[in-house]
Structures are given as C-alpha cells and as structure tokens.
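Written below as structure tokens is the structure these notes are about.
Okay, structure coming up:
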C-alpha cells in the first residue's frame, strides 16, 4: 500500500504533480524513466490499444487488468481512469475494492452517464448524471475503501457537456462535499480561459486537476499558477507511438528492407534492458549455469553407481 501513501505525500508537498499517460507496462516504465511523478492508466489509451472505441465498451475486468500490468511495471503511484465507475453506486463499491486490492493508488471517476462517451470526440454527445446521483457514487466509493490513503478523484464534464462555468463550479462544490480527494475540471476547448477562470475562483481545500490535451499550449507552471495541483499528460505517448509505427511500417513496406528505418529505431540491446533481460541473465548465472549444477532425473539415473549382483560377489 506504499504507493497510496506516496501519492498522498505528493499532494502534501509544494509544487505541481505531473502524471504521464500509459496503456501498458512498457509505456508506464518509459513514463517513470522520463521523470513523471506518477502514472495515469488512461481508459482512452487502453481502449485504443485494443482497437476499441472509448465509449464504455471495455469491462471493468479488462481495464483493471491493464491498470494492474501498468502498476507492476513502475514504482510510481498509478491513478486509474475508471470512466463512469462501470454502473451505479453498487458497481462503484466493487470497483473501488478491486482497484485498491490491486495496489492502485487512486481512481478517477467521471460524471458521465453509463455507458460513458469519450470526452474529446466532438461528434459524441456527453450526457451527465445529476450532481446528486454522482455525489452518491462518490460517497459509495469513499465508504468502500480500506486504505485511508487511497484517492478517489472526481471528474466533472460540465464544460464539455456545455453546461457552463457556473454549473461546473456547482458540481465541483457538491463533489468536494461528497468526499472527493481531488477534482478534475475537464475541457476540450482549445482556449484554456474557462480552465484558468475556474482555477482562479476556486478557494476550497480540495486540489484541482487539469488534463491539457486540447489546450496543449499551456504549461504545467501556468496551470499551477491558476490553482491546479496536478496536470495529466494523458494520451500524448500513445499518439506519438502510433505515428512512429505508421512511419516505420509504411517505410519498410515501400523500401522492402528494414535497414531503411534502422536509424529511427531503438536498439535491440535497449529493448532487452527494458524487458528485464539483465535480471534473467543474473538468475541464470546464479541458479542454472553457476554454483551447484542441478542434474535432471535422467542424468541422475545415468550417473548412479550400479549395485553388484550377488553372483558377481567374490
């Protein structure tokens, strides 16, 4: 449970927290090595990695499995995107118990109706539950946790649904009253003016979180100055990986030789290191190739001295 305490320490320390988005163990490892304070197990990225639209099609088990793989691959605390909580308050209670048992440091639940719709796709209509119903989900989530450091983060989609800044403010206040540990104010506008105004108006003790995907020109320092304790770079790693894979595959097919992309690729030795081959080699040296060799049963049978027959005894 130390990762939950680690995340609470990050919240208590001065300065901003920055999470890097991941969708598997490798991307989580790379985000940690890049220096991010924690890892965001992105529902959008996990869904996309399976070539499934981020509209609530993956089950809790599928997202939890991915978040657990991410958590095992990093020493950083992992905050898991759990969409709308996979149903009503009853579903939320089970979800919290399962994610907490898996060692996840916290979950982020949004006030979209079930099944949720992706927040950033402008062709999809966001339908929100009432503030009262979502507050009940948050209370259920807080009642279900055993570790007091486990974080329940509430995400309001008011700005995306077109409800406006005042409605977003009212929802955030209700969610804070319901026990949320942090509040995500989400927006898909290119202009961060609403995000800025909301942060500057917020005077509650509950820390704010921003996800600067569409308003990418704003810096973490600026967001912190607006009042946002945490920023999540949620999906940039996946988008960069897709572009790199597209380029590599297209180039190789066009040239019909892998040497055409050799300069753009990570070396095999770096991949081996990332995958943990150094440990495998050390274990082989310690337990297989070095020390006392362990012989197989067939080898033991071959090496065993033969007992002389009675007729052969002098």
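In the working numbering, the protein residues as written are 77 to 390.
Glycine included, every Cβ here is placed at the ideal spot set by N, Cα and C.
Keep in mind the model is a prediction, meaning the values are calculated, not measured.
In the DSSP assignment, find the alpha helix (DSSP H) that holds residue i and state where it starts and stops.
i	result
residue 324	312-331
residue 291	Neither: residue 291 is in no alpha helix (DSSP H) and is coded neither H nor E.
residue 218	207-220
residue 204	Premise fails: residue 204 is in no alpha helix (DSSP H) and is neither H nor E.
residue 406	No answer is possible for residue 406: it lies beyond the span of the chain, which begins at 77 and ends at 390.
residue 366	Element bounds for residue 366: n/a, residue is neither H nor E.
residue 274	269-277
Tell me which residue opens and which closes the beta strand (DSSP E) that residue i is part of.
i	result
residue 284	284-286
residue 231	227-232
residue 116	114-117
residue 249	Residue 249 -> not in any beta strand (DSSP E); alpha helix (DSSP H) instead, spanning 241-253.
residue 260	258-261
Does DSSP classify residue i as helix, strand or coil?
i	result
residue 188	strand
residue 78	helix
residue 353	helix
residue 136	helix
residue 196	coil
residue 379	Note that residue 379 scores a pLDDT of 42, beneath 50, so its modelled location is shaky and nothing firm can be said.
residue 109	helix
residue 346	helix
residue 124	helix
residue 129	coil
residue 150	coil
residue 162	coil
residue 224	coil
residue 84	helix
residue 238	coil
residue 265	coil
Under the DSSP definition of a beta bridge, which residues are partnered with residue i?
i	result
residue 98	117
residue 157	184
residue 304	284
residue 93	306
Does the distance between the C-beta of residue i and the nearest non-hydrogen atom of the ligand ADP fall short of 8 Å?
i	result
residue 300	Absence of the ligand ADP is noted for the structure shown, with no ligands found whatsoever.
Next on the checklist: Taking contact to mean 3 or more Cβ pairs, one atom from each stretch, closer than 8 Å, check whether the stretch 334-351 and the stretch 160-171 are in contact.
Outcome noted: no
Next on the checklist: Pairs of beta-carbons, one from the stretch 317-332 and one from the stretch 293-308, closer than 8 Å: are there three or more?
Outcome noted: no
Checklist entry - Are the stretch 127-136 and the stretch 78-96 in contact at 8 Å, needing three or more beta carbon pairs? => result no
Item to check | contact_flag[the stretch 254-262, the stretch 276-285] where n(CB pairs < 8 Å) is 3 or more | outcome: Counting Cβ pairs under 8 Å, three or more are found: they touch.
Next on the checklist: When you compare the stretch 304-313 with the stretch 87-99, are there three or more beta-carbon pairs, one atom per stretch, that lie closer than 8 Å?
Outcome noted: yes
Checklist entry - Any contact of the stretch 233-247 with the stretch 187-195, i.e. 3+ C-beta pairs under 8 Å? => result yes
Next on the checklist: Under 8 Å: do the stretch 139-150 and the stretch 193-205 share three or more Cβ pairs, one atom per stretch?
Outcome noted: no
Next on the checklist: With three or more C-beta pairs closer than 8 Å as the rule, is the stretch 166-180 touching the stretch 213-223?
Outcome noted: yes
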